[in-house]
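Which chain is which? The protein sequence lines are A and B, in order. Each residue of the first sequence is one higher than the one before, counting from 1 in full-length UniProt numbering. Each residue of the second sequence is one higher than the one before, counting from 1 in full-length UniProt numbering. Okay, structure first, notes after.
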Amino acid sequence: MGGLFEKLGDRAGILALSLLAWAVLVFLILPLFVVIAISFTTTEFLAFPPVGFTLRWYQRFLADPSYVDSILLSARLAFGSTLIGFLLGVPAALALKRSTMPGINFLASLFLSPLILPAIIIGVGVLQITTALDFPRSFAAMLAGHVVIILPYIVRTTLASLEGFDASLEEAARDLGASGLVTFLHVTLPTIKPGIIAGCLFGLIMSWIDVEVSIFNTVIATSPIPVKVFNYVQYSVDPMIAAVSAGTIYIAFIFVFLLDRLVGLEKVTGRK
Amino acid sequence: MRITRFWAAILLGIPLIYLVVFFVTPLCMVLADSFSNKAGELTFENYATVLGDIYYWEVLGYTLWLALVTCVATLLLGYPLAYYLTLVERRAFVKRLCFILILMPLFTSSIVRSFGWLVLLGREGLINDGLLMLGIIGRPLRLLSTQTAIIVGMIYVMLPFMVLAIASVLQNLNPSLREAARDLGASAFSTFLRVTLPLSVPGIVAGTLIVFTLSISSYVTPRIMSGGRSVVSSMLIYDQFLLVFNPFLGSAIAVVLLVTCFVLIIAYTLILERKPVRS
């Protein structure tokens, strides 16, 4: 009998846990759902649930060149900084993993440290250095800052994929007469590719959603889309800004989809 | 395959130069500025201002309090979700749906997410409407620009980080340890308390550390959710740099925030090391 009650108790526990988990999941998606819903309202003010259905607010923001410019600027920043992050981060990760140089552990933590440093301080610092180098508040300044914040993501995922790498595969290739470069391109690279792709996707997204670094290094007239939305929302909110915001949520969904297709969502929590 | 120092230097050289120029040097400049003034003299006046005025202490205290509340709340909400996701749910498509729901907010700018809460917490927002309909309240509550709004916003923005940090540890736990505990007669609850929970401490530590450091420096969410009524340290830094144009005082505030953050993190990890968790 005791066993039966215990079993019932366990089941009740599991049920309570599942309900709590789903309540938290609803909490996580609700605000995004609301933003998308109100972007279709026919009213002039924010209404939830939305009244009617219209694409007017999307038309209005797509007809406004300043929003389109902001989105293009954000996209250029994201791709530019990820490309630079890739070119810097992958070789760095290889060297950090494979070298026995003294101080290599210190260097590894240096490469990962922008992750734990407040982004706002990185933003301020980039403003200071670019002022000294005479390109403050410009595309190049934002690009420089974004590379700093996304580099650790690329280094970290590449390092993680090298962690589980079977070194005997490379030795086999070398024994069979492949040169160092050929071994790298045909053996090492394909194995660590998922890690690199995951890092680059995270890099793209971290640049795309950044406010803290951009805000110190941009001019109001041409700012990336999150900064533009931020400056707008502080003073007024209307269905058009909901449509702009909803647009960024659709892009987030594309990134989640790509991550699922190219790397696998479970891998996000896989190895560190 | 080991690489020689020559190749390591080639591969690391340019990335390292980049980090020194755009990361290390800027931090040193902020540090140097905090000991400087408009005339370019060496001075302690910025620190005298920051440390001598009760206002700055209050703001710092509020910033730390907010980060702590966010940490605890995300842990309490995030742990059950991470547990459910990794150890309870077996269906692959449900798991995938959960991951999508967790990653979607993570991949959306904090400004867009805070905007969603502005709508939800408004006078005629979903929360007030729901409470009215259920008869819990008689007239709409003022939720926007309150402490509740700030805390809800912060929890919301930080929760995915906590869930992923804990889930990544739970996922890699050896299931045979739990099975052994159950076979030896432990209930599900005591198995959790004595086996799973202690083994998941590294995930809790990683999660609380990342949530704490991100909370302490977050700017967008407190600004939007408080409507400018509550001030956190990052707002002071922003104002000094971009509104008052006093980067020297701004730098001092930034350094104080950074040092406080580091001291707390080091203290936290030291406390954990003194009580080692058997694994």
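Glycine included, each C-beta is placed from N, C-alpha and C at the ideal position.
Taking 8 Å as the cut-off, the Cβ atoms of F230(A) and V220(B) count as close.
For the pair L170(B) and T74(B), the CB atoms are not nearer than the 8 Å cut-off.
Within its own chain, the residues whose Cβ lies closer than 6 Å to the Cβ of W57(A), once the five positions on either side in sequence are excluded, are S39, P239, M240, A243, listed in chain order. Within the segment 104-122 of chain A, contact with chain B at the beta-carbon level (separation under 9 Å) is assigned to I104, L107, L110, F111, S113, P114, L115, I116, L117, P118, A119, I120, I121, I122.
Segment contact: the segment 120-129 of chain A against the segment 23-33 of chain B, three or more CB-CB distances shorter than 8 Å; contact assigned. Contact between P194(A) and V263(A) holds, since their C-beta atoms are separated by about 5 Å, short of 8 Å. Using beta-carbon distances, F23(B) counts as an interface residue toward chain A, with a partner under 8 Å. The closest CA to that of R142(B), considering only E124(B), F23(B), L159(B), G153(B), is found on E124(B). Against chain A, the beta carbon of W65(B) has no neighbour under 8 Å; the closest one sits roughly 17 Å away. With a threshold of 8 Å between beta carbons, G52(A) makes no contact with chain B. At a cut-off of 8 Å between beta-carbon atoms, S161(A) makes no contact with chain B.
In the three-state scheme derived from DSSP, where H, G and I count as helix and E and B as strand, L243(B) is classed as helix.
Judged by beta-carbon spacing, M104(B) lies within the 8 Å limit of L32(A), meaning their Cβ atoms are closer than that value.
Between F93(B) and S190(B), the alpha-carbon positions lie close to 30 Å from each other. Contact annotation: L118(B) and V147(A) have beta-carbon atoms that are not nearer than 8 Å. For L94(A), the chain B residues whose Cβ falls inside 7 Å of its Cβ are L11, in order along the chain.
Inter-segment contact for the segment 193-208 of chain B and the segment 235-243 of chain B is absent: fewer than three beta-carbon pairs are separated by less than 8 Å.
With contacts defined by Cβ atoms closer than 8 Å, L97(B) and F161(B) do not form a contacting pair. DSSP links V219(A) through a beta bridge to T222(A).
Using a CB distance cut-off of 8 Å, T41(A) does not count as an interface residue toward chain B. F139(A) and A188(B) have their C-alpha atoms roughly 56 Å apart. The C-beta separation of V213(A) from I149(A) comes to about 6 Å, placing the pair in contact by the 8 Å criterion. Using a CB distance cut-off of 8 Å, I196(A) does not count as an interface residue toward chain B. In the displayed model, S190(B) falls within a helix according to three-state DSSP. L42(B) carries a strand assignment under DSSP once its states are collapsed to helix, strand and coil. A160(A) and A95(A) have their C-alpha atoms spaced approximately 13 Å apart. Here S236(A) carries a coil assignment [DSSP, helix/strand/coil].
Between the alpha carbons of L73(A) and P224(A) lies a distance of about 6 Å.
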